[in-house]
Each structure stands twice: as C-alpha cells, then as structure tokens.
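Number of protein chains: 2
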Amino acid sequence: MVRTMTAPSRPRRGRPRSPEADRAILDATRSALVELGWRKVTMGLIAERAGVAKTTLYRRWASKSELVVDAVSVVFDELHLPDSGSLRTDIEDVVLAFAELLRRPEAKSALMAVVAEATTEPVLRAKIKEILVGRQKRLVVLGRQRAQARGELPPDPGGPEQASRAVDLIFDVIAGAVVHRSLISTEPIDREWAQRFTNLLLGGLPATSE
Amino acid sequence: MVRTMTAPSRPRRGRPRSPEADRAILDATRSALVELGWRKVTMGLIAERAGVAKTTLYRRWASKSELVVDAVSVVFDELHLPDSGSLRTDIEDVVLAFAELLRRPEAKSALMAVVAEATTEPVLRAKIKEILVGRQKRLVVLGRQRAQARGELPPDPGGPEQASRAVDLIFDVIAGAVVHRSLISTEPIDREWAQRFTNLLLGGLPATSE
DNA sequence: GCATTCCGCTACGCGTCGTAGCGTAACACC
DNA sequence: GGTGTTACGCTACGACGCGTAGCGGAATGC
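Written out as structure tokens, the structure reads:
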C-alpha cells in the first residue's frame, strides 16, 4: 500500500517526507526496470540508484510490487486518443500506440509481474483496477462519444448502465487483444495487424475475409 | 527446458527415469499451486509433497518456471470445442469454458507468473508459444472450418497464408478479451457477458448497441 | 561382473526480502 | 529559540528461496 498517496492529510508535526526522494525512487525504479526487468531489479538496487536508504523505500511502499505499480502507472498515462476524425483510424492509432508502449521493457515485464502477484493479493488487485484499468477506460469513452457525434456509431439506447457495460466490453476486447498478442503470443503488432484488427472490430467476423 | 520430453531418444544404458516420479512431481505442483499460488510454492515443498528429493526436480526441469509451465499445460488441454451446430453458441461456450478454467488458481496465478518471467527468458517464451498458444489455436481453426462448412462464414479467399493470419487474429481477440477481463479487469465472466462479446465479434462495433 | 544413469540425502553458497535499532536531520508549534 | 515529532541514513540481521555439489546406493543394459 502506498502510504504517501493514500493518506489524504499528511501529519502536520515532525519532519516531512522528502518529495525529492519520492521522485528519485520512482525514477530509479523505472530506469532500473528498463535495463534489468522485473526479476533482476531489487529494492536494494533501487535505493542505491535513487541515493536513499533501502528503509526509506519501505517507509513509503509496503512491497516491491506496489512500488512498481506506481512507477509504471505514469507510463500508461502517456496514452492519448488522437482525434483523427474517423473511428477507424482512431482505433488503429490507439492500438499502435498501446503496442508501442508494451514494447518498452519497463511496461512489459513489470505489468505482467504485477498482475501475477495481484492474483493472490487483493490490495494489488484494487490498485491495478484503479490505475491501469479505470484510468485507461477514458480512451474508450472518449472515442465512442466522438464516433457517436459523427454518426459513425448509433447513440446509446439503454441507460448509462448499458453504456458503461458496452465500454467495459470494448475496453477488454481492444486492450486484451493487444496485450495477448504482445505478451502471450509474442507476435509483432504493426500497422497491417492494426488494420485487420480494426476491420474485425468494426465489421465483425463474417466481414473479415475480404 | 524439459529434458525428459524434449529428448526423443532416451539413453539405453543406465537406470531409467522413474515415470512415477514424473507424475508425482507434476501432480504435486498442480495441487500446490491451487492451494498456495505461485509465490508461496517452492521447489522444496513440491519435492516434499511428491515424495522425491529436490535434486530430482532439477534433474528434469531447469527452473521452477519451466516445471510450472508443464504442470499447467495439461490443464489447458482440457479445453474442447463443443459442436453445437452454430457459430454463435460455439463461441459463447468456448468463452465460458475458458473463463471457467481461468477461475482456477492453478491456471490463473501460474499463467501470469510464467508469462511474466517469459518476458525476459527466451526459452520460456518459446515454450509458452508452443504449449499455450500453438496448441489452443486448434480450437479456432476447428470452429472456423465448421462455420465455413455450414455457410456461416465465407471460405478463405487468400491462400493458407491469409487464413493463418486470420486464425491468429481471432485467437488473440478471443483469448485476449477473456484473459484481460478475468485477470486484469478482474470482472466476472457470465453467460450474459459471453453473449454480448459474441455479438460484438459477429456483428462488429456498430451492431452492438441494440 | 561392469559401466552407466538415476535416486535420495545432506550440506552449502548466494541473493533477496523485509525489519530492528540507532544516532541524526528537518520540520511544526509554542 | 527550545521542544516534540517525524523522517532519514546506516548497519546489521533473520528468514527464506533458488539452484548446485558431492556422496553412497539402487536399477538398468551389456
């Protein structure tokens, strides 16, 4: 659990936490992940590179996993939805951008390792759901709204409940396909694949043969 | 690497490997994974439960990851494609069966942990690609053939090259969506979700609003 | 018999996580 | 400026896991 960020009101008395240490630790974590991957990154090494004591890490994060989630989350926030004017190219572009992000070792190995630990740790699960899932759904919401405004998609017939489930479904399909191809099938994602995927998503299975 | 199974010709001389030990080790690995998850399962514990020495494990598998891949692979082989007579229900059923499989802790945490390690270990990557990806694609191939025979899908226009890429795409979309929703979004997969997913897959994005 | 390979056992080196306890530094409050 | 409180760096440590080495003995093929 991140103590710094989950505590809304910082204690008033005593020496305050060093913001430089926060940044230095997160930066060191990211750069170490890029070079070494999840397994070979140790808390001791992060502390050394950040120029702080290892105990300072454990004063802020309860475990290596939770530190890594926070360090990786800012990488995922780099994802943006380009307003290309067409739903088709919007999807293609975001798929390519997401694939590009997953090529970076810091995102790749860290994401999988953290997800793995989350299968048995509820605290981590909640954190992932908030940071990696909830925060990225905005892309789907935004893309849908634009497409509906342009008349490319019909407006939502049901209430917001129905719309929310549609967003969830689309998110899992797009993110799932990209993650699965990148990290499990380990095949490259280029523009040609993105186009074929978008064809499938827009036209459905029977329309993909041409 | 699995030495037993990758060696096609066993050495003729000397004491042969005990098949009982093989089975006992794999069984112990699976049951330990169910109870404890990836992190808390140790090679020492597996050896103890299997009634063999820890060194015997290392004579067969080079690392914990590779042992776990083999132990989990048989679980994935349980997946079958029910011949329901309709592409729609074929997809729904296989989605539900796959989701059910991913509910089991042995598959869930072990799969993710192994994938995580595979991001930095080429040997593991090849193994996963063979066992978890290549072997399961048969379901897509079979389902497509049946649907084409029934006229639900058009026949392949391009050569086998094109058909193979179509299978890869569909596999990543289906498996990706199920894995993503199960393990990253951590939302339940019930028949209603499977139906909405199948709608999307068959009809495409514009057709999902009704 | 003999060579070969496997097995169980004990012990060990190595690295990592995460914690304890100390003296000291940086703040808030009066 | 003094005082209490909290963070920090440092050192050391316990616990535990992986993976290996080396032994005597057991099971096979020749």
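Going down the list, the protein sequences come from chains F and E.
Numbering of the first sequence is given in the working numbering, commencing with residue 1 and proceeding in unit increments.
Numbering of the second sequence is given in the working numbering, commencing with residue 1001 and proceeding in unit increments.
Here a beta-carbon is modelled for each residue, glycine too, at the ideal position from N, C-alpha and C.
Note the first and the last residue of the continuous alpha helix (DSSP H) segment covering residue i.
{"i": "P1160 of chain E", "result": "P1160 to V1179"}
{"i": "D77 of chain F", "result": "It is not in any alpha helix (DSSP H) - D77 of chain F carries neither H nor E in the DSSP assignment."}
{"i": "G203 of chain F", "result": "R191 to G203"}
{"i": "L1057 of chain E", "result": "K1054 to R1060"}
{"i": "L87 of chain F", "result": "L87 to R103"}
{"i": "R1135 of chain E", "result": "Counting along the chain, R1135 of chain E falls outside any alpha helix (DSSP H), and DSSP gives it neither H nor E."}
{"i": "L1026 of chain E", "result": "P1019 to K1040"}
{"i": "G44 of chain F", "result": "M43 to A50"}
{"i": "K127 of chain F", "result": "P122 to I128"}
Using only alpha-carbon positions, find the residue among the options that is nearest to residue i.
{"i": "K1108 of chain E", "options": "F:D70, F:E106 and F:T120", "result": "F:T120"}
{"i": "L132 of chain F", "options": "F:E20, F:V95, F:V115 and F:A147", "result": "F:V115"}
{"i": "K64 of chain F", "options": "F:W38, F:G151, F:T186 and F:W193", "result": "F:W38"}
{"i": "P105 of chain F", "options": "F:V95, F:D90, F:V75 and F:Q162", "result": "F:V75"}
{"i": "A1062 of chain E", "options": "E:V1123, E:S1185, E:V1167 and E:A1110", "result": "E:V1123"}
{"i": "T186 of chain F", "options": "E:P1019, E:K1127, E:E1078 and E:S1018", "result": "E:K1127"}
{"i": "V68 of chain F", "options": "F:G14, F:V41 and F:R150", "result": "F:V41"}
{"i": "E192 of chain F", "options": "F:T89, F:R15 and F:A147", "result": "F:T89"}
{"i": "E100 of chain F", "options": "F:V173, F:P188, F:L201 and F:F197", "result": "F:P188"}
{"i": "S73 of chain F", "options": "F:L111, F:A118 and F:F98", "result": "F:L111"}
{"i": "G1134 of chain E", "options": "E:A1113, E:A1118, E:I1184 and E:D1172", "result": "E:D1172"}
{"i": "D77 of chain F", "options": "F:E48, F:S182, F:E130 and F:H180", "result": "F:E130"}
{"i": "P1019 of chain E", "options": "E:A1050, E:R1013 and E:G1159", "result": "E:A1050"}
{"i": "L201 of chain F", "options": "F:L102, F:I174 and F:R13", "result": "F:I174"}
{"i": "A1118 of chain E", "options": "F:L79, F:D190, F:I184 and F:L205", "result": "F:I184"}
{"i": "D190 of chain F", "options": "F:L102, F:R17, F:L79 and F:R13", "result": "F:L102"}
Note down, in chain order, each residue of its chain lying with its Cβ closer than 6 angstroms to the Cβ of residue i, except the 5 sequence neighbours on either side.
{"i": "V52 of chain F", "result": "A21"}
{"i": "G1044 of chain E", "result": "K1054"}
{"i": "A71 of chain F", "result": "L26, T29 and R30"}
{"i": "P82 of chain F", "result": "D93"}
{"i": "A149 of chain F", "result": "none"}
{"i": "R1015 of chain E", "result": "none"}
{"i": "A147 of chain F", "result": "L87 and L153"}
{"i": "F1098 of chain E", "result": "V1178"}
{"i": "I1170 of chain E", "result": "V1140"}
{"i": "E113 of chain F", "result": "According to the sequence displayed, residue 113 of chain F carries Ala and not Glu. Closer than 6 angstroms at the Cβ level, and outside the excluded window around A113 of chain F, lie W38."}
Going along the chain, which residues of its own chain have a beta-carbon closer than 8 angstroms to the beta-carbon of residue i, five neighbours each way excluded?
{"i": "N1199 of chain E", "result": "A1207 and T1208"}
{"i": "V1034 of chain E", "result": "R1104, P1105 and E1106"}
{"i": "V167 of chain F", "result": "K137, V140, V141 and R144"}
{"i": "S84 of chain F", "result": "D90 and D93"}
{"i": "S9 of chain F", "result": "Residue placement at S9 of chain F is poorly supported in this model, since its pLDDT is 48, which falls under 50; the coordinates are not used for a value here."}
{"i": "L1079 of chain E", "result": "V1094, A1097, F1098, L1101, Q1136 and L1139"}
{"i": "R1013 of chain E", "result": "none"}
Confirm the yes/no value for this check: CB of residue i, any heavy atom of the ligand NAD, distance under 6 angstroms.
{"i": "N1199 of chain E", "result": "Only the bare structure without any ligand can be found here, which leaves the ligand NAD out of the picture."}
Enumerate in chain order the residues of its own chain whose CB-to-CB distance from residue i is below 7 angstroms, with the five nearest sequence positions on each side excluded.
{"i": "Q145 of chain F", "result": "none"}
{"i": "A1194 of chain E", "result": "E1092, V1095 and L1096"}
{"i": "A177 of chain F", "result": "F197"}
{"i": "I1046 of chain E", "result": "I1025, A1028, T1029, A1032 and L1057"}
{"i": "A1007 of chain E", "result": "Any reading at A1007 of chain E needs caution, since the residue's pLDDT is 44, under 50, leaving its predicted position unreliable; the model's value is listed next. Closer than 7 angstroms at the Cβ level, and outside the excluded window around A1007 of chain E, lies no residue."}
{"i": "R1181 of chain E", "result": "E1187 and I1189"}
{"i": "G1203 of chain E", "result": "none"}
Worksheet item: Taking three-plus beta-carbon pairs below 8 angstroms as touching, is the region 139 to 148 of chain F in contact with the region 48 to 60 of chain F?
Response: No, the region 139 to 148 of chain F is not in contact with the region 48 to 60 of chain F.
Item to complete: Quick one: which residues of the region 28 to 44 of chain F get their C-beta closer than 9 angstroms to a C-beta of chain E? List them in chain order.
Response: Within the region 28 to 44 of chain F, the residues whose Cβ lies closer than 9 angstroms to some Cβ of chain E are L36, G37, W38, R39 and K40, listed in chain order.
Fill in: chain E contacts from the region 149 to 181 of chain F (Cβ-Cβ distance under 8 angstroms)
Correct list: E152, L153, P154, P155, D156, P157, R165, A166, D168, L169, I170, F171, D172, V173, A175, G176, A177, V178, V179, H180 and R181.
Worksheet item: Can you find at least 3 beta carbon pairs, one from the region 1151 to 1164 of chain E and one from the region 150 to 160 of chain F, that sit closer than 8 angstroms?
Response: No, the region 1151 to 1164 of chain E is not in contact with the region 150 to 160 of chain F.
Item to complete: Check each residue of the region 98 to 116 of chain F: if its Cβ is closer than 7 angstroms to any Cβ of chain E, include it; give the result in chain order.
Response: Cβ contacts with chain E: K108, S109, M112, A113, V115 and A116.
Worksheet item: Taking a cut of 7 angstroms between CB atoms, which residues from the region 1045 to 1074 of chain E lie near chain F?
Response: The region 1045 to 1074 of chain E vs chain F, Cβ under 7 angstroms: nothing.
Practice prompt. Below 8 angstroms between beta carbons is the criterion; list the residues of the region 125 to 137 of chain F that meet it against any residue of chain E, in chain order.
Written response: Listed by position along the chain: R125, I128, K129, L132 and V133.
Worksheet item: When you check each C-beta in the region 185 to 206 of chain F against every C-beta of chain E, which residues fall closer than 8 angstroms?
Response: Listed by position along the chain: S185, T186, E187, W193, R196, F197, L200, L201, L202, G203, G204, L205 and P206.
Worksheet item: When Cβ atoms are compared, which residues of the region 73 to 92 of chain F fall closer than 9 angstroms to chain E?
Response: Identification of residues in the region 73 to 92 of chain F having a C-beta nearer than 9 angstroms to some C-beta of chain E yields L87 and I91, given in sequence order.
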